[in-house]
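In UniProt numbering, the protein residues as written are 1 to 124.
Let me begin by presenting the structure, written as structure tokens, before commenting on it.
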């Protein structure tokens with residue numbers, strides 16, 4: 001079975017010939033003249049709706065303005081500060097790939113178990 005089932009085939013629009021991973025979308029509003037901070041656990045995309053947001057990305061001290069409809073890519077581990085100078089709240093979404101926590105540990109533990117106790121080995 002080297003191909004995905006057509007029932008669950010969801011092509012990735014960014015890369016030809018690949019299947020998109022499940023995503024997590026965080027939707028939030030930023031109050032007028034408020035500032036938030038966020039650190040990206042995975043590569044992410046910030047999309048802005050409503051009012052423009054300013055984003056500061058260290059070590060750069062200059063703000064970049066993200067207009068409604070724009071997308072800003074954020075690298076894994078990067079911390080950003082964002083806010084709005086508008087008199088109304090701004091809305092934004094942060095989209096990241098879904099990561100199932102602890103899966104690597106379970107696979108490693110299962111491998112060690114197979115090696116130590118021979119589970120799944122055939123005698124012969």
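For every residue, glycine included, the Cβ atom is placed at its ideal position computed from N, Cα and C.
Secondary structure at residue i, three-state DSSP: helix, strand or coil?
i, result
"residue 9", "Bear in mind that a pLDDT of 48 at residue 9, under 50, signals an unreliable position, so the number given afterwards is only what the model happens to contain. It is coil, neither helix nor strand."
"residue 84", "coil"
"residue 107", "helix"
"residue 25", "strand"
"residue 97", "strand"
Output needed for residue i: all residues of its chain with C-beta closer than 6 Å, excluding positions within five of it in sequence on either side, in chain order.
i, result
"residue 39", "79"
"residue 45", "71, 73 and 95"
"residue 104", "none"
"residue 76", "40, 42 and 43"
"residue 57", "80"
"residue 37", "81"
"residue 64", "55"
In this structure, what does DSSP give as the bridge partners for residue i?
i, result
"residue 116", "According to DSSP, which records beta bridges pairwise, residue 116 is partnered with nothing at all."
"residue 45", "73 and 95"
"residue 90", "30"
"residue 62", "Residue 62 is not bridged to any residue."
"residue 79", "39"
With a cut-off of 8 Å on the beta carbons, I'd call residue i and residue j a contact; round off their distance for me.
i, j, result
"residue 93", "residue 47", "5 Å"
"residue 53", "residue 26", "In fact, because the Cβ distance is near 14 Å, the residues do not count as touching under 8 Å."
"residue 88", "residue 51", "6 Å"
"residue 49", "residue 68", "6 Å"
Note down, in chain order, each residue of its chain lying with its Cβ closer than 8 Å to the Cβ of residue i, except the 5 sequence neighbours on either side.
i, result
"residue 23", "95, 96, 97 and 98"
"residue 124", "Residue placement at residue 124 is flagged as unreliable, the pLDDT there being 49, under the threshold of 50; the coordinate-derived value follows with that caveat. Nothing meets the Cβ criterion."
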